[in-house]
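Read the sequence shown against this note's numbering and you will find it ends at 2137, with the numbers running on by one and no gaps.
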Amino acid sequence: MEQLIERYELAIRAGREAIWDWDLRTDQIYYSARFLQLLGLPGGDLTASPDLWLGRVHPDDVDWLNAVFQGQLGEQAPPFHLEHRVERTDGSWCWLLCRGVAIPGHDGEPVRLVGSVADVTERKLAEEALRRSEERYALAARGANDGLWDWNLETDEIYYSPRWKQMLGCADAVAASPRTWFERVVAADRAELEAAIGAHLTGDTGHLEHEFRMRHSDGSELWLLVRGIAVRLDDGRPVRMAGSLTDVTARKRAERQLLFDALHDGLTGLPNRTLLIERIGQALDRDRRARGGQFAVLLLDIDRFKTINDSLGPVDGDQVLMTTAARLDKACHHGDTVARLSADEFGLLVNEVDDIASAVTAARRFADAVAQPIRLGDDDHLLTCSVGVALSGSGYAAPDDMLRDASLAMFRAKTGGGNRVELFDGQLHRHALDMLRLETDLRTAIDAGELCLFYQPIVSMATGRLAGFEALMRWRHPRRGLMQPSEFIPVAEETGLIVPMGRWALHKAAKRLAAWQRLRDPVSQHLFMSVNVSGKQFAEDDLVGLVAEVLDAHPSLDPASIKLEITESLLMQDPERSVQLMRRLKALGVRLSLDDFGTGYSSLSYLSRFPVDTLKIDRSFVSGIAEGGGGAEIVRIIGVLANALLMEVTAEGIESQPEVEFLRGLPTHYGQGFLFGRPMPEQQADRMVRRDPLLLEAVTS
């Protein structure tokens, strides 16, 4: 591990780049010493707030940088790079080239942004000088660290600066021809480079910026970043193109190392849980498409590892883990995957398993590979393991399900005495086991601080600005990671745990809203918070007393800024009682929203009696707008109906520009959906409130 860290640090120093690591859960950024040096700050490595960096960004660049960071919060966002200016402590401005990538958690949602920054001020100044005059261009060519080039398109001659030649190990006397350049480009990258140059020369792109590989004179490969811009005649015809060449080999290596670290275990070097789940998912996809042979997922746990670790110490414990990893890896066949999932738990993906017998045979092969003596200190110790097996032929839809069932089988092997292989039996009461486990965990989730709220922005369709949020519950499960409501709310409803969870959610959401309203700016003062009310809460809890308790706890909070969302089907279970309860809630000053309108069974006669402030159009109708047919008409009718009943309309599930345009033509007051923002953690929502973004204009411009 120490050698891995040393190599990583050497790669970073070689690239003259600084490192940053943004933990989205704590909203804290680790800044390397080099980063602080670029900002003109003293000291070594530091973990601090994003303002240490973002508060120094040039006003003309801050929106672009924030937009790039926001884009990384989507699923499978590609790595990014962006140049921006920051103000140093001495008042001077420097240009930084920022690169980064999102690191997903167990559920695929980003939990970190990591990357690097490099000081590219010299190159920016050189490029500016290049554009101003030939004389300044010559001075920049001698002083810049990047290689510079100037291509006369009419004569097809290129000037290469001394630094350009030095980077590639060229002799001083090289032909001033494009062949000098392109013949050194790695064959696999040449077509894309030529396409990028061609796109700029034809005017399809505003400037040239492309990364590719070239061969050094010593035979090694370099990663290079080329930038350039064309000089054109009045008719737009390019006659000249000039730019720079930057050696980004060290940064590429660092990026590969970051990606490797994100998907591999630091101790053993094996794939981690994230990578194993990805490969199981790929195997499931192949099986569904091709109906090929079965595969198996194995979960292997070292017997008595805790005893070994506690009695002999962590050094010997690590030796056991590394030896086990090496033995498992050696026992793998081509195409198999072995991963370390936790302390002494390993997962395996075994391909080409014909039947149950062959799966069990493979499991015993791995168990036998582990069950060999190992020298620890002065004694030999015999390792054994418990193995659980899950077969793909059981009709799995998700990789997590296979790991779960393999874990159940492994647990049965351990409780059966260990040193054995158990196959998951499809006749096991999987649902009952999951329910029991989730119920047990849920009973301690609130006290353990595992529950949290995510906030999805709601936008005013009239102004385009942030109007409020919907509070959505998430569970940071200690083993399963961040869980979506669909994974635990049904269990909470069935067991009655949803009542204390709902109480906690309303208190938490109100506290966050009160904090925002205390900012005293025009946006935060008018923010509202939508909170879902469950069926159990509505039917069994003292909901009126709860709301009064929340309002008493936050006297500065405007009651009208709390919006309780109640589903249509819930009200129809007992319409008369629902009307009375809603009137009592309205008397407290809070607002009521009818969620998923149009999907239930309410009648218009009851709708006119319900004291509802807002109708929330279900996403299934909104998504049908672009498809034509009756979806758009249903949305139009709901809007007209709400307008006639003096109710506001919120459209949820907005994901496209055509939907926005259609809804803006109706009496639609608010919009909600992935187009404006996904549910986000508290810290990210807080930053959105303080920025006061013009969300609707941002997606329609």
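Each residue gets a CB set at the ideal place from its N, CA and C atoms; glycine is no exception.
Could you tell me the distance, in whole angstroms, from the CA atom of L1660 to the CA atom of D1625?
11 angstroms
Cα-Cα separation between A1554 and A1503, rounded to whole angstroms:
20 angstroms
Using a threshold of 9 angstroms, state whether the C-beta atoms of L1711 and F1802 are closer than that.
no
Whole angstroms is fine: what's the gap from W1585's alpha carbon to V1498's?
31 angstroms
When the Cα atoms are used, what is the spatial distance from R1763 to A1732?
One C-alpha to the other measures close to 19 angstroms.
Alpha carbon to alpha carbon, how far is L1490 from W1456? Give it in angstroms, no decimals.
Cα-Cα distance, rounded: 12 angstroms.
Alpha carbon to alpha carbon, how far is V2048 from F2033? Give it in angstroms, no decimals.
12 angstroms
N-terminal and C-terminal residue of the alpha helix (DSSP H) that E1788 is part of
Taken as a continuous stretch (DSSP letters only), E1788 belongs to no alpha helix (DSSP H), being part of the beta strand (DSSP E) at E1781 to V1789.
If distances are taken between C-alpha atoms only, which option among R1873, T1483, L1827 and S1485 comes closest to F1860?
L1827
For I2053, write down the residues that DSSP places opposite it in a beta bridge.
F2033 and A2087
Three-state secondary structure assigned by DSSP to A2121
helix
So, helix, strand or coil for L2017, using DSSP?
Judged by DSSP in its simplified three-state form, L2017 adopts helix.
Neighbourhood of W1587 by C-beta, 6 angstroms cutoff - its chain only, sequence neighbours within 5 removed
Counting only Cβ-Cβ distances below 6 angstroms, and skipping sequence neighbours, we find I1594 and M1677.
According to DSSP, residues forming a beta bridge with Y1595
D1586
Unbroken stretches of the beta strand (DSSP E), 3 residues or longer, contained in the segment 1912-1951
Counting only runs of 3 or more residues that sit fully inside the segment 1912-1951, the beta strand (DSSP E) segments are 1917-1919, in chain order.
Excluding the 5 residues flanking L2006 on each side, which residues of the same chain have their C-beta closer than 7 angstroms to its C-beta?
G1971 and F1974
Alpha-carbon spacing of P1515 relative to S2059, whole angstroms:
30 angstroms
Just mark K1999 as buried or exposed, buried being the case when its beta carbon has 16 or more other beta carbons within 10 Å.
buried
Which runs of the alpha helix (DSSP H) spanning at least 4 residues fall entirely within the segment 1833-1857, listed in chain order?
1835-1851
Beta-carbon within less than 6 angstroms of K1947's beta-carbon, same chain only, minus the 5 sequence neighbours each way: which residues are those?
none
Based on Cα-Cα distance, which residue from R1461, P1486, S1680 and A1562 lies nearest to R1548?
R1461
Distance CB(G1783)-CB(A1795) smaller than 9 angstroms
No, the pair does not count as a contact, with Cβ atoms beyond the cut-off.
Once DSSP output is grouped into helix, strand and coil, what is the label at A1868?
Because A1868 sits at a pLDDT of 46, beneath the cut-off of 50, its placement in the model cannot be relied upon, and the following sentence gives the value as read from the coordinates. Reduced to three states, the DSSP call for A1868 is helix.
Inter-residue Cα distance where the pair is W1911 and S1960:
27 angstroms
Going straight from the alpha carbon of A1450 to that of G1544, what length do you get?
Bear in mind that the predicted position of A1450 carries a pLDDT of just 49, short of 50, making it unreliable; the figure below should be weighed with that in mind. Approximately 32 angstroms, taken between the alpha carbons.
Measure the C-alpha to C-alpha separation of L1949 and V1493 and round it to an integer number of angstroms.
28 angstroms
Apart from the five residues just before and just after D2031, which ones in its own chain have a Cβ nearer than 6 angstroms to its Cβ?
E2001, T2003 and K2052
Straight-line CA distance for Y1596 to L1629?
Going from the Cα of Y1596 to the Cα of L1629 covers about 18 angstroms.
Which residues does DSSP pair with R1521 in a beta bridge?
W1531
For D2163, collect the residues of the same chain with a Cβ closer than 8 angstroms to its Cβ; drop the 5 residues on either side in sequence, then sort them by chain order.
Not covered by the structure: residue 2163. The range shown for the chain is 1437 to 2137.
Along the chain, where does the beta strand (DSSP E) containing H1817 start, and where does it finish?
Residues D1815 to L1818.
Through-space distance from W1952 to M1919, alpha-carbon basis:
26 angstroms
Collapsed DSSP secondary structure at T2160 in the structure displayed
Residue 2160 is absent from the structure shown; the chain starts at 1437 and stops at 2137.
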